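Under numbering that gives the first Met the number 0, the residues of the sequence shown are numbered 0 to 574, in order.
Ideal Cβ placement from N, Cα and C applies to all residues, glycine included.
A quick note: this is a predicted structure, and the numbers were derived from the prediction, not measured.
Let me begin by presenting the structure, written as structure tokens, before commenting on it.
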Amino acid sequence: MLGTERSGGYGYSLWEFQVYGTTDGTPPATGAVEVTGSQGNWQLTVGGQPYTVKGLTWGPAIADAPKYLPDVKSMGVNTIRTWGTDGGTKSLLDSAAAHGIKVVNGFWLQPGGGPGSGGCVDYVTDTTYKNTMLTEFARWVEAYKSHPATLMWNVGNESVLGLQNCYGGTELEAQRNAYTGFVNEVAKKIHSIDPDHPVTSTDAWTGAWPYYQRNAPDLDLYSMNSYGAICEVREDWEAGGYTKPYIITEGGPAGEWEVPDDANGVPDEPTDVRKAEGYTDAWDCVTGHRGVALGATLFHYGVEHDFGGVWFNLLPDGLKRLSYYAVKEAYSGSTAGDNTPPVITNMAVSPASSAPAGGEFTVRADVRDPDGDPIAYKVFLSGNYANGDKRLVEARWRATGNGTFAVTAPEKLGVWKVYLQAEDGRGNAGIETKSVKVVAPPVTGTNVALNKPTTASSFQPSYGDCPCEPAKATDGRTDTRWASDWSDPQWIQVDLGAATTIRKLQLVWDPAYAKSYDVQVSDNGTTWRTVHTTASGNGDVDTIDLAETARYVRLHLTARGTGWGYSLHEFGIYG
Numbered sequence: 000m001l002g003t004e005r006s007g008g009y010g011y012s013l014w015e016f017q018v019y020g021t022t023d024g025t026p027p028a029t030g031a032v033e034v035t036g037s038q039g040n041w042q043l044t045v046g047g048q049p050y051t052v053k054g055l056t057w058g059p060a061i062a063d064a065p066k067y068l069p070d071v072k073s074m075g076v077n078t079i080r081t082w083g084t085d086g087g088t089k090s091l092l093d094s095a096a097a098h099g100i101k102v103v104n105g106f107w108l109q110p111g112g113g114p115g116s117g118g119c120v121d122y123v124t125d126t127t128y129k130n131t132m133l134t135e136f137a138r139w140v141e142a143y144k145s146h147p148a149t150l151m152w153n154v155g156n157e158s159v160l161g162l163q164n165c166y167g168g169t170e171l172e173a174q175r176n177a178y179t180g181f182v183n184e185v186a187k188k189i190h191s192i193d194p195d196h197p198v199t200s201t202d203a204w205t206g207a208w209p210y211y212q213r214n215a216p217d218l219d220l221y222s223m224n225s226y227g228a229i230c231e232v233r234e235d236w237e238a239g240g241y242t243k244p245y246i247i248t249e250g251g252p253a254g255e256w257e258v259p260d261d262a263n264g265v266p267d268e269p270t271d272v273r274k275a276e277g278y279t280d281a282w283d284c285v286t287g288h289r290g291v292a293l294g295a296t297l298f299h300y301g302v303e304h305d306f307g308g309v310w311f312n313l314l315p316d317g318l319k320r321l322s323y324y325a326v327k328e329a330y331s332g333s334t335a336g337d338n339t340p341p342v343i344t345n346m347a348v349s350p351a352s353s354a355p356a357g358g359e360f361t362v363r364a365d366v367r368d369p370d371g372d373p374i375a376y377k378v379f380l381s382g383n384y385a386n387g388d389k390r391l392v393e394a395r396w397r398a399t400g401n402g403t404f405a406v407t408a409p410e411k412l413g414v415w416k417v418y419l420q421a422e423d424g425r426g427n428a429g430i431e432t433k434s435v436k437v438v439a440p441p442v443t444g445t446n447v448a449l450n451k452p453t454t455a456s457s458f459q460p461s462y463g464d465c466p467c468e469p470a471k472a473t474d475g476r477t478d479t480r481w482a483s484d485w486s487d488p489q490w491i492q493v494d495l496g497a498a499t500t501i502r503k504l505q506l507v508w509d510p511a512y513a514k515s516y517d518v519q520v521s522d523n524g525t526t527w528r529t530v531h532t533t534a535s536g537n538g539d540v541d542t543i544d545l546a547e548t549a550r551y552v553r554l555h556l557t558a559r560g561t562g563w564g565y566s567l568h569e570f571g572i573y574g
């Protein structure tokens with residue numbers, strides 16, 4: 000401000016001179032990155048200046064980095080972490096540098112990403128794989144070693160733990176030693192190309208650290224993925240007598256593998272409130288291990304709106320959660336003035352363990368918006384536990400007042416997740432989820448097929464949960480099944496023992512269902528008449544009205560809905 004004319008005889012007097020703007024466009028601190036200090040009193044420095052990693056793992060497409068990185072920066076984040084580095088990384092590094100953000104550049108090694116995923120490599124003998132990876136990593140270190148956004152290099156992700164699903168016994172020990180020895184080779188190679196950035200390696204099990212301590216002395220620091228047990232990392236580090244600091248490369252609320260099962264036997268997902276507390280607790284544990292824990296890249300700045308996205312993403316579908324604001328407060332120190340999400344509490348589903356397929360069940364919750372914004376609702380279903388589909392699909396639902404909703408259950412049996420999403424119109428959302436067990440719709444009357452003699456054209460003697468004999472379709476249990484050979488046609492029939500009035504059939508299919516079939520009845524087991532035909536079976540529960548009298552009932556199955564055989568949990572016949 001250049002004052003050119005006073006308003007009176009006094010001079011110029013100003014209570015405050017405030018300048019508002021963003022740090023976008025400010026390059027990150029430059030200079031060599033080092034781990035400095037001594038045992039228990041380490042520090043990460045950039046260009047000689049102290050640097051605490053306040054980070055998030057990066058989820059969006061690289062092309063979307065200019066769209067999302069300003070928001071990332073506004074949260075107080077100074078670092079993002081990736082799992083793979085290649086030719087496409089440059090544009091992400093360029094965007095990060097433009098917004099004053101550093102990058103932990105990851106390198107992927109098999110079997111990465113958790114137990115058993117990503118394939119199995121023999122680190123003892125497979126020199127071709129190791130040489131290929133070493134050459135590839137060196138190529139990208141050479142390419143990006145001078146990039147102002149590069150913070151450090153991270154070799155591998157959870158592979159020491161993951162090797163347990165590839166090997167066992169003494170061979171597992173040999174592989175873990177060979178893997179960490181190879182990580183050390185990579186670290187040496189990186190240091191020879193780029194002496195100005197540290198090298199680390201991530202696992203999800205502190206039991207990996209003795210292997211690194213023994214076989215990878217050239218690592219500058221360790222890295223750990225830890226969620227619900229993050230505060231135990233410090234205890235394990237102290238108990239292990241380790242001589243290198245660490246960063247947390249993934250962390251947040253308790254994961255699916257860490258929580259107790261609910262009444263339906265599936266992991267009980269934490270509430271939005273508890274997830275937000277999980278991020279706060281994680282950062283408190285990291286900062287509490289002063290001089291050893293050098294920061295964290297918490298999980299996850301992602302926008303996917305699916306099963307895993309709702310569990311972990313800070314902004315699924317671009318909607319900010321309570322967890323988003325918890326991380327912002329941890330890193331920036333304040334969320335004052337922010338409009339924050341609706342808060343959902345006391346969500347309940349009824350009946351939680353016996354929702355009839357195709358019928359309605361009730362969802363109830365208490366919802367409030369801290370800012371008094373009007374709330375718009377959505378209800379989603381995920382079949383992750385029922386059929387492996389992790390997508391969220393909007394349910395058929397209707398509001399019934401006072402925070403209650405009538406939701407139509409899927410036709411497919413099994414345990415589903417139901418999600419109540421409350422949006423405030425300001426870019427925020429509260430999302431709460433509970434499980435619901437979908438069962439076959441009740442049928443009045445007596446199941447006259449129960450435990451009656453049942454025969455079939457074939458059955459699978461051994462595959463998965465088999466033997467799957469015909470009698471398992473009439474045992475009154477939906478956790479057993481009859482399964483046929485993988486060919487057309489097939490049949491299964493029940494002998495009711497005497498002429499019996501039949502008014503309804505209920506067929507509970509396994510995912511291996513019949514697309515086309517006939518229902519046939521007989522008085523003598525030889526001469527059959529067709530009483531129902533369909534060519535549009537979809538694998539859901541089929542409830543068929545009949546008005547027949549017969550001793551034998553047969554399903555003549557003519558076209559499979561999958562490449563497998565036919566599989567039927569229950570062949571119910573009601574009189």
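- By the CB criterion at 7 Å, S352 and N224 fall outside the cutoff.
- The C-beta of P216 has fewer than 16 other C-beta atoms within 10 Å across all chains shown, which makes the residue exposed.
- Contact check for L297 and I246: beta-carbon distance about 11 Å, past the 8 Å limit, so the pair fails to qualify.
- Looking at the DSSP output, N224 sits in a beta bridge with E249.
- Between G571 and Q519 the beta-carbon gap is near 16 Å, outside 8 Å, which marks them as no contact.
- The three-state secondary structure of R559, taken from DSSP, is strand.
- Counting only the Cα atoms, P510 lies some 25 Å from D267.
- Only residues of its own chain outside the window of five on either side were considered, and among them G105, W107, N156 have a CB closer than 7 Å to the CB of W82, listed in chain order.
- When I192, W152, C119, V417 are compared, the shortest CA-CA separation from V159 is found for C119.
- Between the alpha carbons of W57 and M0 lies a gap of roughly 40 Å.
- With contacts defined as CB atoms closer than 7 Å, T403 and V447 fail to qualify as a contacting pair.
- Within the segment 380-443, the complete alpha helix (DSSP H) runs of at least 4 residues fall at 383-386.
- When secondary structure is reduced to three states using DSSP, P266 falls in the strand class.
- Non-local C-beta neighbours of S456 in its own chain, meaning closer than 7 Å and more than five positions away in sequence, comprise S483, Q489, W490, ordered along the chain.
- For the pair of segments examined, the segment 233-245 was found to touch the segment 281-291: the number of CB pairs separated by less than 8 Å reaches three.
- In this structure, the CA atom of P460 is about 53 Å from the CA atom of T279.
- Residues of the same chain with a CB within less than 8 Å of the CB of T242, apart from the 5 flanking positions on each side, are Q38, Q212 in chain order.
- Within its own chain, the residues whose Cβ lies closer than 6 Å to the Cβ of H299, once the five positions on either side in sequence are excluded, are T56, G58, F311, N312, listed in chain order.
- Counting only runs of at least 4 residues, the segment 273-351 fully encloses the following alpha helix (DSSP H) elements, listed from N- to C-terminal order: 306-311, 321-331.
- Taking 7 Å as the cut-off, the Cβ atoms of I192 and E237 do not count as close.
- Per DSSP, reduced to three states, the secondary structure at P510 is coil, with no helix or strand assignment.
- By the 16-neighbour rule on beta-carbons within 10 angstroms, T548 is exposed.
- In terms of Cα proximity to R550, the closest of V540, D544, I501 is I501.
- The beta-carbon separation of L314 and V302, rounded to 6 Å, stays under the 8 Å limit for a contact.
- A distance of 7 Å or more separates the beta carbons of T477 and K471.
- In the three-state DSSP reduction, N446 falls in the strand class (E or B).
- The distance from the Cβ of L412 to that of V378 is about 20 Å, inconsistent with a contact at the 8 Å cut-off.
- Per DSSP, T78 is one residue of the beta strand (DSSP E) stretching across 78-80.
- Looking at the backbone, the Cα of F360 and that of T432 are separated by about 14 Å.
- Per the coordinates, the alpha-carbon of D271 lies some 13 Å from the alpha-carbon of R367.
- When the alpha-carbon of S535 is set against those of V102, Y512, V507, the nearest one is in Y512.
- The segment 321-337 makes no contact with the segment 85-100; the number of CB pairs closer than 8 Å stays below 3.
- Within its own chain, the residues whose Cβ lies closer than 6 Å to the Cβ of T529, once the five positions on either side in sequence are excluded, are D517, Q519, listed in chain order.
- Contact check for Y573 and K503: beta-carbon distance about 4 Å, within the 8 Å limit, so the pair qualifies.
- For the pair D305 and R390, the CB atoms are nearer than the 7 Å cut-off.
- Linking S145 to A137 through their CA atoms gives a straight-line distance of about 14 Å.
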